[in-house]
Structures are given as C-alpha cells and as structure tokens.
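Undergrad: Numbering-wise, the working numbering puts 341 at position 314 of the sequence shown, and it's gapless, one number per residue. Just so it is clear, CB atoms sit at the ideal spot from N, CA and C, and this is done for glycine as well. Just passing along the structure, written as structure tokens.
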Amino acid sequence: MKYFISLISALLFTFTVFAQGVLEIKQPRQTLKNLLADDQPMTVVYTAQNTGTQPVIITRVTPMTSLLKADWPKSPLLPGKSCDIKITFIPMQLLENFNMRILVYSNANPARKELILTGNLVDNPSKPELLYKYNMNGLKFKNNNINFKKVYTWQVATDTLEYYNTLKDAVSLGVIYKSNHLQATFEPAQVAPGKKGKIIVTFDAPKANDYGYVYESLILSVNGSKEYSNRLSVTAELSEDFSKLSKKDKANAPIAQFDKKECNFGEIKQGEKTSCDFTLTNTGKSILFIRKTKASCGCTAVTLGQKEIQPGQSTTIRATFDSTGKSGRQYKSITVITNDPSQPENTLTISGNVK
28 MKYFISLISA
38 LLFTFTVFAQ
48 GVLEIKQPRQ
58 TLKNLLADDQ
68 PMTVVYTAQN
78 TGTQPVIITR
88 VTPMTSLLKA
98 DWPKSPLLPG
108 KSCDIKITFI
118 PMQLLENFNM
128 RILVYSNANP
138 ARKELILTGN
148 LVDNPSKPEL
158 LYKYNMNGLK
168 FKNNNINFKK
178 VYTWQVATDT
188 LEYYNTLKDA
198 VSLGVIYKSN
208 HLQATFEPAQ
218 VAPGKKGKII
228 VTFDAPKAND
238 YGYVYESLIL
248 SVNGSKEYSN
258 RLSVTAELSE
268 DFSKLSKKDK
278 ANAPIAQFDK
288 KECNFGEIKQ
298 GEKTSCDFTL
308 TNTGKSILFI
318 RKTKASCGCT
328 AVTLGQKEIQ
338 PGQSTTIRAT
348 FDSTGKSGRQ
358 YKSITVITND
368 PSQPENTLTI
378 SGNVK
C-alpha cells in the first residue's frame with residue numbers, strides 16, 4: 028500500500044514538473060556595439076516564447092539599474108506563443124562601456140531568467156556634445172577626472188582626456204598649476220569652434236615619491252585666463268611592484284602583523300582627545316618598512332615609533348582622535364602601507380561615541 032502511494036506521488040510530481048510552462052528567451056544577451064549617443068529614448072526588444080505545455084505568466088521584469096525601464100505583457104502566454112519584453116533607455120545616460128542585467132520572473136520552470144544588455148557608446152556626429160557632460164566655461168569634457176588607477180612606483184603613466192569647444196571662438200589651453208610629477212600637453216594647440224581637442228597627461232610616479240591613493244589638481248587657463256575654477260582632478264593608486272620577487276625573495280620577505288586592527292575608545296565628551304595604540308610586529312625575515320600612514324579624517328593624527336622594523340621587532344602606531352565639532356557615533360580609519368608583499372596595505376579603525 029505504501030509502495031502504491033509512493034508511486035502515485037512520484038507520478039503526480041513528474042506530471043506537475045512536465046506539465047509546466049517553459050519560458051525561453053531567443054537572444055538573452057544583446058550587444059549594442061558603437062551605439063550612437065542620443066538624448067531620445069531607445070527600445071531594445073527581447074523575444075520570449077512559451078515552449079512548455081501550460082500558460083506562463085511573467086510576473087515582473089526587474090532591471091538592475093534605474094536607467095532601464097521594462098515593459099512586458101501581463102496576460103498569460105499560451106503554449107507555443109511568443110511575446111516581446113521591451114527595455115527602454117536614454118543612450119547618453121549610460122556608461123561609455125556598459126554591461127547591465129535584467130531579471131525576468133514568471134511561474135515557469137525555472138522561475139527566473141536573466142537578460143544581458145551590453146555595448147559601448149560613441150560620439151553622435153549630429154549631436155556631438157552629448158558625451159561631453161562637464162562644462163568648463165564653454166569647453167565640455169567627457170570627464171572632469173583623469174583616473175590612472177593602479178600605477179607602480181617605477182612607472183610613468185599617460186592618459187588622455189577629450190574636450191569639445193562649444194564657444195564661438197578658437198581656444199588654446201595652458202596650465203596655471205600642477206604638481207611637479209604631472210605634465211600636460213594639448214593637441215591641437217588651438218581648437219576651432221565646434222571641434223574637439225585632447226589633453227594628454229603624464230604621471231611620473233618616481234617623481235611623486237608616494238604610496239597609496241593620491242589626489243591631484245590640474246588647473247587650466249583658457250586663452251590665457253587665470254580662473255582657478257578651471258580645474259581637473261587627477262587620481263592614482265601608487266603601488267609597490269612585487270611581481271618580480273622570486274620564491275626565495277617571498278620566503279625571506281617581511282611580514283606585517285598587528286596585535287589588533289580595531290580599537291573602541293568608548294565614550295568621550297565633545298572637544299576631548301583620545302588615543303588608540305596599535306602594535307605592529309615584523310614576523311618576517313627582512314626589514315619591514317612603513318611606507319606611509321594616512322588617516323581618513325583631519326581629526327585623526329597618526330604618530331609612529333619606528334619606520335624601519337627589524338625581524339622580530341615591534342613598533343607602535345598611535346591614532347589620536349580630536350572630537351572638536353563631532354557628535355554621536357564616530358568611525359575613523361587609518362591606512363598603513365608597508366613593503367610586506369603578502370599584504371602591503373592594512374586598514375586600522377578606531378570608533379566610539381562623542382556625547
């Protein structure tokens with residue numbers, strides 16, 4: 028009897044599984060290569076078909092970004108029938124290189140399908156300004172930041188930023204202010220109205236002699252003007268290059284070991300100062316160099332014992348928090364950069380409450 032009931036249950040389960048709608052997307056990944064920038068809505072269509080034996084109801088379509096809007100039939104999709112899932116967007120709002128997901132939910136098996144919309148934007152000859160969103164006194168830039176990302180401390184990196192001249196006169200750019208390790212050249216030297224130019228920026232990391240995240244300003248002159256608001260930012264993450272270390276070098280490398288990475292100073296009154304000490308020990312086999320320490324806030328001062336730590340030796344890193352002007356829960360971080368190839372960057376945190 029039990030066997031008979033189990034058999035019936037299995038048959039019913041099998042029937043239920045196979046007597047379902049199946050939603051198939053004919054082209055779930057669509058690539059829009061060299062899509063022209065535009066300020067008018069554009070719609071991409073995905074075709075879905077019910078290849079099962081029961082009706083399918085698409086309950087919702089959820090883009091993973093608010094830049095996309097979805098539309099789909101709300102009525103049941105009968106077996107063998109197809110429908111369109113429409114994704115609408117404004118091209119100029121997308122990233123120059125985009126890759127976006129859209130999730131489709133239904134009562135089919137499986138209950139979730141994934142759509143991909145990928146591609147890249149290019150200048151639209153009939154609307155040349157659209158990708159140049161940052162205005163600098165009539166000059167429009169694609170970006171107001173040149174981000175070099177990771178740069179090794181021995182590298183000299185170069186990047187290019189384009190701009191568009193919307194003025195009625197030709198323009199020539201120059202530099203009012205820059206750091207010594209930055210160089211900027213302009214091509215062409217003069218840009219006619221309605222034409223494009225390039226700023227070529229070179230970041231000389233050896234001259235910078237720094238580590239970690241760096242932020243610089245590049246202040247430009249337009250036709251000889253001296254307006255300090257004509258500012259571009261230059262950012263980079265300066266890293267020591269450990270890629271050429273041999274196995275022997277790695278085995279004999281320094282190791283940065285902290286006694287703790289979090290410190291709670293409890294509760295203090297506004298205006299008071301409090302300190303947290305972190306002990307850093309070199310548990311490796313060669314000298315550990317502290318390359319840099321940097322606090323996340325000017326309200327936190329960092330003092331060091333030694334910057335060069337012999338194997339087996341320790342030093343103290345003290346973080347002093349000034350609560351002047353602060354109230355409520357506080358959370359500050361200190362970045363410590365060393366020559367430990369296994370973990371060159373460590374983050375220490377101090378927290379507490381200011382009443």
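Mind checking ASN250: buried by the 16 CB within 10 Å criterion, or exposed?
TA: On the sequence shown, residue 250 is found 223 positions in, with the first residue counted as 1. Answer is exposed; the Cβ neighbour count stays below 16.
Undergrad: So the candidates are ASN134, ASP150, PRO106, LEU130; which of them puts its Cα closest to the Cα of PRO118?
TA: Position 91 of the sequence shown, counting from 1, holds the residue named residue 118. Closest by alpha carbon: ASP150.
Undergrad: Verify whether the separation of the beta carbon atoms of GLY379 and GLU294 is less than 8 Å.
TA: Within the sequence shown, the letter at position 352 stands for residue 379. Within the sequence shown, the letter at position 267 stands for residue 294. Taking 8 Å as the Cβ cut-off, GLY379 and GLU294 qualify as a contacting pair.
Undergrad: Bridge partners of LYS321, per DSSP?
TA: What you label residue 321 is simply residue 294 of the sequence shown in a count that begins at 1. In the DSSP output, where bridge partners are listed per residue, LYS321 has THR362.
Undergrad: How far does the alpha helix (DSSP H) with LYS287 in it reach, from first residue to last?
TA: In the sequence shown, residue 287 corresponds to position 260, counting from 1. From DSSP, LYS287 is part of no alpha helix (DSSP H); its letter is neither H nor E.
Undergrad: What is the rounded straight-line gap between the Cα of SER153 and the Cα of LYS359?
TA: Position 126 of the sequence shown, counting from 1, holds the residue named residue 153. Position 332 of the sequence shown, counting from 1, holds the residue named residue 359. Near 49 Å, if we compare the C-alpha coordinates of LYS359 and SER153.
Undergrad: Of the residues THR78, ARG345, LEU194, which one's Cα is nearest the Cα of ALA219?
TA: Taking the sequence shown and counting its residues from 1, the one referred to as residue 219 is at position 192. Among THR78, ARG345, LEU194, the Cα nearest to that of ALA219 is on LEU194.
Undergrad: Quick one: complete beta strand (DSSP E) runs, 3+ long, within the stretch 85-148?
TA: 85-90, 96-98, 109-116, 124-133
Undergrad: Over the uninterrupted alpha helix (DSSP H) stretch that includes PHE237, give me the two end residues.
TA: Your numbering for residue 237 matches position 210 in the sequence shown. Residue 237 is actually Asp in this sequence, not Phe. Per DSSP, ASP237 belongs to no alpha helix (DSSP H) and is neither H nor E.
Undergrad: Among GLY298, THR301, GLN284, LYS319, which one has its Cα closest to the Cα of THR308?
TA: Here residue 308 refers to the residue found at position 281 when the sequence shown is read from its first residue. Of the listed residues, the one whose Cα sits closest to THR308 is GLN284.
Undergrad: State the Cα-Cα distance for the pair THR310 and LYS334, rounded to the nearest angstrom.
TA: Position 283 of the sequence shown, counting from 1, holds the residue named residue 310. Position 307 of the sequence shown, counting from 1, holds the residue named residue 334. Going from the Cα of THR310 to the Cα of LYS334 covers about 15 Å.
Undergrad: Do LEU375 and ALA328 have their beta-carbon atoms positioned less than 8 Å apart in this structure?
TA: Residue mapping note: residue 328 aligns to position 301 of the sequence shown, counting from 1. Residue mapping note: residue 375 aligns to position 348 of the sequence shown, counting from 1. Cβ atoms of ALA328 and LEU375: not closer than 8 Å.
Undergrad: Just the Cα atoms here: how many angstroms apart are SER270 and ILE377?
TA: Counting from 1 along the sequence shown, the entry for residue 270 is found at position 243. Counting from 1 along the sequence shown, the entry for residue 377 is found at position 350. So the two alpha carbons sit approximately 33 Å from each other.
Undergrad: Using the rule of at least 16 other Cβ atoms within 10 Å of the residue's Cβ for burial, across every protein chain shown, is VAL44 buried or exposed?
TA: Stepping through the sequence shown from its first residue, residue 44 is reached at position 17. Confidence in VAL44 is poor, its pLDDT being 46 and thus under 50, which makes the residue's placement too unreliable to answer from.
Undergrad: Quickly, what does DSSP pair VAL49 with across the bridge? List them, please.
TA: Along the sequence shown, one-based indexing puts residue 49 at 22. Per DSSP, none; premise fails for VAL49.
Undergrad: When you compare only the Cα positions, how much space is there between LYS162 and ASN170?
TA: As a first step, residue 162 must be located in the sequence shown, where it is residue number 135. As a first step, residue 170 must be located in the sequence shown, where it is residue number 143. Residue 162 is actually Asn in this sequence, not Lys. Using only the alpha carbons, I get a separation of about 9 Å.
Undergrad: Assign ASP196 to one of three DSSP states: helix, strand, or coil.
TA: Looking up residue 196 in the sequence shown gives position 169. Three-state result, ASP196: coil.
Undergrad: Going by CA-CA distance only, name the one from SER341, ALA184, LYS108, GLU141 that's closest to ASP231.
TA: As a position in the sequence shown, residue 231 is number 204, starting the count at 1. Measuring from the Cα of ASP231, the nearest candidate turns out to be ALA184.
Undergrad: Which one or two residues does DSSP pair with GLN57 in a beta bridge?
TA: Here residue 57 refers to the residue found at position 30 of the sequence shown. Per DSSP, the beta bridge partners of GLN57 are LEU144.
Undergrad: Closest by CA to SER350, which one among ASN257, LEU59, CYS326?
TA: Counted from its first residue, the sequence shown places residue 350 at position 323. Considering only alpha carbons, the answer is CYS326.
Undergrad: In this structure, does DSSP put ALA280 in helix, strand or coil?
TA: Within the sequence shown, the letter at position 253 stands for residue 280. Here ALA280 sits in coil by DSSP.
Undergrad: Do you know offhand how far LYS319's Cα is from LYS225's?
TA: Here residue 319 refers to the residue found at position 292 of the sequence shown. Here residue 225 refers to the residue found at position 198 of the sequence shown. Their backbone Cα atoms lie some 34 Å apart in a straight line.
Undergrad: Determine the burial state of ILE314: buried for a count of at least 16 other Cβ atoms within 10 Å of its Cβ, exposed for fewer.
TA: Sequence index remark: in the sequence shown, residue 314 carries index 287 (1-based). By the neighbour-count rule (16 or more Cβ atoms within 10 Å), ILE314 is not buried but exposed.
Undergrad: Provide the residue span of the beta strand (DSSP E) that contains LEU209, from first to last.
TA: Position 182 of the sequence shown, counted from the start, is the residue given in the question as residue 209. Taken as a continuous stretch (DSSP letters only), the beta strand (DSSP E) holding LEU209 covers 209-214.
Undergrad: Going by C-alpha distance, which of ALA322, ALA216, SER273, ASN174 is nearest LEU259?
TA: Locating residue 259 in the sequence shown gives position 232, where the first residue counts as 1. Looking at the Cα atoms, ASN174 is the closest of the given residues.
Undergrad: Count the CB pairs spanning the stretch 86-102 and the stretch 46-60 that are closer than 8 Å, and state whether there are at least three.
TA: no
Undergrad: Going by C-alpha to C-alpha distance, which of PHE168, ASP304, PRO68, ALA138 sits closest to GLN120?
TA: By 1-based counting over the sequence shown, the position of residue 120 is 93. Closest option to GLN120, Cα to Cα, is PRO68.
Undergrad: When the distance is taken between beta carbons, is ASN172 closer than 8 Å to GLU254?
TA: The residue labelled residue 254 in the question sits at position 227 within the sequence shown. The residue labelled residue 172 in the question sits at position 145 within the sequence shown. Contact: no.
Undergrad: Apart from the five residues just before and just after SER323, which ones in its own chain have a Cβ nearer than 6 Å to its Cβ?
TA: Reading the sequence shown from its first residue, position 296 is the one you call residue 323. Result list for SER323: LYS359, SER360, in chain order.
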